[in-house]
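Here is the structure we will look at, set down as structure tokens.
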């Protein structure tokens, strides 16, 4: 499951939630097929919403190295698409994202989700925190915006 969030900053500095959700891919499909699905999904979002900036969270190597490697493939797609579509890419550590959104770099996922849902009260609470995590990264990118 990959969460995503698309925000738009207005001239008066208000933030509008444009689109959000998650991309679920069947693990029974080959890795090459899933990477292609991810590429097409992100390309459609870029073209539909005329994306100018992408915000990513720096990965950390957990217990599962295979997951870390697969995440690297998807990140590579994002780097490629940012180059092809002239999109600014911003990257933040999990601590930076949590600090930016909650005011505390050691906040838990539930605290991050609570703040995101407070900021966007019309948003339906997602089943998983992938969506609120993605929106937190997007907010951090909007507020801090350091370019790679």
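In this note's numbering, the protein residues as written are 176 to 323. From the three backbone atoms N, C-alpha and C, an ideal C-beta is built for every residue, glycine too.
(message) Spatial neighbours of residue 246 within its chain, please: C-beta separation below 8 Å, excluding the five flanking residues on both sides.
(response) Same-chain partners within the cutoff: 234.
(request) Return the bridge partner residues of residue 230 from the DSSP annotation. (result) DSSP lists 265 as partners of residue 230.
(request) Using beta-carbon positions only, say whether residue 287 and residue 309 come within less than 8 Å of one another. (result) Contact flag unset, no.
(message) If you follow the beta strand (DSSP E) that residue 216 is in, where does it begin and where does it stop?
(response) Taken as a continuous stretch (DSSP letters only), residue 216 belongs to no beta strand (DSSP E), being part of the alpha helix (DSSP H) at 206–224.
(request) Report the rounded CA-to-CA distance for residue 263 versus residue 255, giving the unit in angstroms. (result) Roughly 12 Å between the two C-alpha positions.
(request) Compare the Cα-Cα distances from residue 274 to each of 196, 307, 315, 232 and report the closest residue. (result) Check the Cα spacing between residue 274 and each of 196, 307, 315, 232: the tightest is with 315.
(request) Per DSSP, which residues does residue 183 bridge with? Please list them. (result) Answer is 191.
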